[in-house]
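Working notes, structure below.
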Amino acid sequence: AVAVPGKALSLEWMASPVMENCEGPSVEGIAWHDPAFPALDWAPIKLPDANGIPGDKAADRFYRTVFAARRGQAVVLEWRSDDGSWVYLNGKLLIHQGGDCHQSGCVNGRCGNGVGVGGYVDLTPDLVEGPNVLAIHVSNGGCCGSFFDAKLLPDLQIVPVDWRGSEVSEYCEGPNDNGR
C-alpha cells in the first residue's frame, strides 16, 4: 500500500504510567482501550515520545487520544514504534505490528539492525461520526529504550499496490551474493 502524507490533525495524547503488564490497565473491568475507560492517572504527553520506557527495561506504555470525524471522512494513521505496538479504534483491535509483548521489533522506523514493517493503517472503515477513541499499546523488548510517534492524516486514502507484475531477478548484489 502507498500513502501520501498530508497535513496531520492536531491531537492531544495521554500516556499511562510505565508498567510491566502486556494486557494494560483496567478500572472496574473496563479495559484501557475501551472508549469508556477513565484514564485518571494518565498524563498529557507530546509526541514523539522518545524513551518513554527508559533504558533497557522490558515494559509497556499505553497511549490514548480522542478525535472527531465527519460522516464519510477518510483518515489514515501513520505511526512508528520501538518496539511492538497494538492499535485500537473505539475499543476494536485493528492491527498489531512489530515485536510481541516485551520482544524486539519496530514499526516503520530503524531500530537495531533492521527497519520495521508497517506504519500505515486506514481507520476509515471503523470511524464513527463524532468522537473516536484511538488507543495504542507500545511494548519495549528491553533494549535501548522505547519510541512512539503517531499522526492522523485526514482525507487521505491508502491505495493498494500490486507488485506481482514486477520483474523478478534471480541475481542480487551485495556482500552475500557469492559471485552471482
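In our numbering, the protein residues as written are 20 to 199. Positions of the beta carbon are idealized from the N, C-alpha and C atoms, including for glycine.
For Asp-53 and Arg-89, the rounded distance between their alpha carbons: Within the sequence shown, the letter at position 70 stands for residue 89. Within the sequence shown, the letter at position 34 stands for residue 53. Their backbone Cα atoms lie some 21 Å apart in a straight line.
Distance CB(Asp-145)-CB(Lys-111) smaller than 8 Å: The sequence position of residue 145 within the sequence shown is 126, counting from 1. The sequence position of residue 111 within the sequence shown is 92, counting from 1. Contact flag set, yes.
Counted within 10 angstroms of its Cβ, other Cβ atoms place Ala-27 as buried (16 or more) or exposed: Locating residue 27 in the sequence shown gives position 8, counting from the first residue. The residue in question, Ala-27, is exposed, as its Cβ has fewer than 16 Cβ neighbours within 10 Å.
Identity of the residues DSSP links to Ile-155 by a beta bridge: For the purposes of this step, residue 155 is taken as the residue at position 136 of the sequence shown. According to DSSP, Ile-155 bridges with Tyr-82 and Val-106.
Given 8 Å, three or more beta-carbon pairs between the region 77-84 and the region 163-171: Short answer: they touch.
Cβ neighbours of Ser-188 in the same chain (closer than 6 Å, five flanking residues each side left out): Walking along the sequence shown from the start, residue 188 turns up at place 169. Below a pLDDT of 50, predicted positions are generally treated as unreliable, and Ser-188, at 44, falls in that range; no measurement from the model is reported.
Beta-carbon contacts of Gly-71 that lie in its chain and below 6 Å, excluding the five residues immediately before and after: By one-based count along the sequence shown, residue 71 stands at place 52. Excluding sequence neighbours, Gly-71 sits near Arg-80 and Ser-165.
Spatially closest choice to Met-104 from Pro-44, Phe-86 and Gly-160, by CA coordinates: Locating residue 104 in the sequence shown gives position 85, counting from the first residue. Looking at the sequence shown, residue 104 is not Met but Ser. Between Ser-104 and the set Pro-44, Phe-86 and Gly-160, the nearest pair of CA atoms involves Gly-160.
Leu-171 burial status per 10 Å Cβ neighbour count (16 or more: buried): For this step, residue 171 is matched to residue 152 along the sequence shown. By the 10 Å Cβ count, Leu-171 comes out buried.
Run of the beta strand (DSSP E) containing Ala-62, from where it starts to where it stops: Numbered from its first residue, the sequence shown carries residue 62 at position 43. Note, Ala-62: beta strand (DSSP E), 62-64.
Local Cβ density within 10 Å of Gly-43, reported as buried at 16 or more and exposed below that: Taking the first residue of the sequence shown as 1, we reach residue 43 at position 24. Burial call: buried.
Same chain, Cβ closer than 7 Å to Pro-73, five either side skipped, listed in chain order: Taking the sequence shown and counting its residues from 1, the one referred to as residue 73 is at position 54. If we look at Pro-73 and ignore the five residues flanking it on each side, its Cβ neighbours are Gly-164.
Contacts around Ile-114, its chain only, beta-carbon distance under 8 Å, and the 5 residues preceding and following it disregarded: For this step, residue 114 is matched to residue 95 along the sequence shown. Excluding positions up to five away in sequence, the list reads Trp-105, Val-106, Gly-137 and Val-140.
Buried or exposed (CB count within 10 angstroms, at least 16 for buried), Gly-117: Along the sequence shown, read from residue 1 onward, the residue named residue 117 stands at position 98. Buried is the call here.
Integer-rounded CB distance, given that Arg-83 should sit under 8 Å from Ala-58: Taking the sequence shown and counting its residues from 1, one reaches residue 58 at position 39. Taking the sequence shown and counting its residues from 1, one reaches residue 83 at position 64. Sure, about 6 Å apart at Cβ, within 8 Å.
Pairwise C-alpha distance: Pro-173 and Ser-29: Numbered from 1 along the sequence shown, position 10 holds the residue referred to as residue 29. Numbered from 1 along the sequence shown, position 154 holds the residue referred to as residue 173. Distance between the alpha carbons of Ser-29 and Pro-173 is about 11 Å.
DSSP state of Asp-53 mapped onto helix, strand, coil: In the sequence shown, residue 53 corresponds to position 34, counting from 1. Three-state result, Asp-53: coil.
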